[in-house]
């Protein structure tokens, strides 16, 4: 089955055929969770959908993801700014799907750095681009830039190292 998550030797993978199948499976999964209202989901889907509900996918290919997002009222603070936690959640999800689309493997964060530049307000549209910069063995590095769509101003830049956690006993 295309799009099925499987585990093998302590590592998780998205079972797919060709690279195009993998990209399509990731796009379908992202469309599914971003279209469901957070109150109608549970577990992992609830966490993901609460941050990305309403995300519009412009392009997903092997190692690159481009989306737009209109910041909803539920993700802003008392000053009307998109919260740092919601931005971090968005960056984390975009990093993960960029890796899955590139190599088909689900990885875990080992280092996560975000620089916040300009606040984005409620109902403002942003463009989000994720790129796999480096992939060797268990380690993958992804860069995500979030910019205001209208002005091109940087809102935040996230850089994340992710790793598969398969280990082998030396005994």
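Residue numbers (this note's numbering): 261 to 431.
C-beta atoms are modelled at their ideal positions from N, C-alpha and C, and glycine is treated no differently.
Taking only the alpha-carbon atoms, compute the straight-line gap between residue i and residue j and give it to the nearest angstrom.
i: residue 358; j: residue 420; result: 11 Å
i: residue 339; j: residue 345; result: 15 Å
i: residue 356; j: residue 373; result: 14 Å
i: residue 301; j: residue 362; result: Residue confidence is low: residue 301 scores 49 on pLDDT, short of 50, so the model does not pin down where it sits. Its coordinate-derived value is still stated next. Roughly 27 Å separates the two Cα atoms.
i: residue 411; j: residue 329; result: 15 Å
i: residue 313; j: residue 383; result: 13 Å
i: residue 246; j: residue 316; result: Because the chain spans 261 through 431 in this model, residue 246 falls outside it and cannot be assessed.
i: residue 284; j: residue 341; result: 33 Å
i: residue 401; j: residue 337; result: 30 Å
i: residue 399; j: residue 368; result: 10 Å
i: residue 321; j: residue 360; result: 10 Å
i: residue 343; j: residue 422; result: 23 Å
Does the Cβ-Cβ distance between residue i and residue j come in under 8 Å?
i: residue 404; j: residue 389; result: yes
i: residue 354; j: residue 311; result: no
By alpha-carbon positions, which one of the options ends up nearest to residue i?
i: residue 407; options: 314, 331, 320; result: 331
i: residue 323; options: 392, 354, 342, 400; result: 392
i: residue 366; options: 411, 329, 397; result: 397
i: residue 409; options: 378, 370, 360, 284; result: 378
i: residue 414; options: 369, 380, 337, 395; result: 380
i: residue 387; options: 337, 351, 343; result: 351
Residue i: buried (16+ other C-beta within 10 angstroms of its C-beta) or exposed?
i: residue 335; result: buried
i: residue 333; result: exposed
i: residue 418; result: buried
i: residue 424; result: buried
i: residue 370; result: exposed
Enumerate in chain order the residues of its own chain whose CB-to-CB distance from residue i is below 6 Å, with the five nearest sequence positions on each side excluded.
i: residue 326; result: 318, 319, 389
i: residue 376; result: 416
Excluding the 5 residues flanking residue i on each side, which residues of the same chain have their C-beta closer than 8 Å to its C-beta?
i: residue 348; result: 372, 374, 418
Using a Cβ-Cβ cut-off of 7 Å (strictly less than) and excluding sequence neighbours within five positions of residue i, which residues of its own chain qualify?
i: residue 395; result: 362, 363
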